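All you need for the numbering used here is the position in the sequence shown, starting with 1, plus 21. Inspection log for the structure reproduced underneath, given as structure tokens.
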Amino acid sequence: RTAVLVAGLARRLLELDREIKDTDKLITTVFRTHPDAAIIESLPGLGPILGAEFLTATNGGVSSSIGADVGSELGGFASSGRLASYAGLVPVPQDSGRISGNLRRPRRYNRRLRRVFYMAALSSLKTDGPSRTFYQRKRSEKMIHTQALLALARRLVDVLWALLRDQRMFTITITTPQPATAA
Numbered sequence: 022r023t024a025v026l027v028a029g030l031a032r033r034l035l036e037l038d039r040e041i042k043d044t045d046k047l048i049t050t051v052f053r054t055h056p057d058a059a060i061i062e063s064l065p066g067l068g069p070i071l072g073a074e075f076l077t078a079t080n081g082g083v084s085s086s087i088g089a090d091v092g093s094e095l096g097g098f099a100s101s102g103r104l105a106s107y108a109g110l111v112p113v114p115q116d117s118g119r120i121s122g123n124l125r126r127p128r129r130y131n132r133r134l135r136r137v138f139y140m141a142a143l144s145s146l147k148t149d150g151p152s153r154t155f156y157q158r159k160r161s162e163k164m165i166h167t168q169a170l171l172a173l174a175r176r177l178v179d180v181l182w183a184l185l186r187d188q189r190m191f192t193i194t195i196t197t198p199q200p201a202t203a204a
């Protein structure tokens, strides 16, 4: 009796796993038809699933809303700061009386969009590159893991917004220090 129950649950689990894989393939296919899909996927940490979530959370992406009416739901994202604020990655002051300088997470923000950039930041740490360098620099500035990760998420917002604004792909530029010339 228990063996039959376990076998049935295992079968159902395999079915669900197959359904999830099929859904992921469908999401990837639909996402790649979007005109900004290649730009979004070029940013380290953002793949087709997180990219599709980004497009969903921003009603089609940033480039379609740059210069949009101020009365629109997303405010047009006239700057990367507005997109970051919508994602809840811009701290707001919590001042009271004589106490000032206290910052906290905003109460109103798009949780789905915040999750997209948080997961993208976490994912971008897996490979060696500018994201990991930025994260390690923030850690050396005595930030705890979560603070450094949120700082990286904010950086990814800025970079993605600029890429979508300029309609260009992300490329890693390696700068080599110029040797000092003796005068």
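Each residue gets a CB set at the ideal place from its N, CA and C atoms; glycine is no exception. The model shown is predicted, which means the values in this text are computed figures rather than measured ones.
With fewer than 16 other Cβ atoms inside 10 Å of its own Cβ, GLY150 counts as exposed. At the C-beta level, VAL137 and GLU74 come within 7 angstroms of one another. The Cβ atoms of ILE70 and LEU184 lie no closer than 7 angstroms to each other.
The residues ASN131, ARG133, LEU134, VAL137, in chain order, have a CB closer than 7 angstroms to that of ALA78 in the same chain once the five nearest residues on each side in sequence are set aside. Taking C-beta separations shorter than 8 angstroms and ignoring five residues to either side along the sequence, the partners of LEU143 in its chain run GLY66, LEU170, following chain order. Taking 7 angstroms as the cut-off, the beta carbon of PHE52 is found no closer than this to the beta carbon of GLY68. In this structure LEU64 is not in contact with LEU146, their Cβ atoms being roughly 14 angstroms apart against a cut-off of 8 angstroms. Buried is the label assigned to LEU104, since at least 16 other Cβ atoms lie within 10 Å of its Cβ. The three-state secondary structure of ARG176, taken from DSSP, is helix. Secondary structure note for LEU30: its alpha helix (DSSP H) is the uninterrupted segment 23 to 52. DSSP lists SER117 as the bridge partner or partners of ILE120. The residue from ARG125, GLN188, ARG160 with its alpha-carbon nearest to that of PRO56 is GLN188. Note on geometry: alpha-carbon atoms of VAL111 and PHE155 lie some 18 angstroms from one another. Looking at the DSSP output, ARG128 shares a beta bridge with no other residue. Measuring C-alpha to C-alpha distances from GLY81 to each of GLY118, THR54, SER101 identifies THR54 as the nearest.
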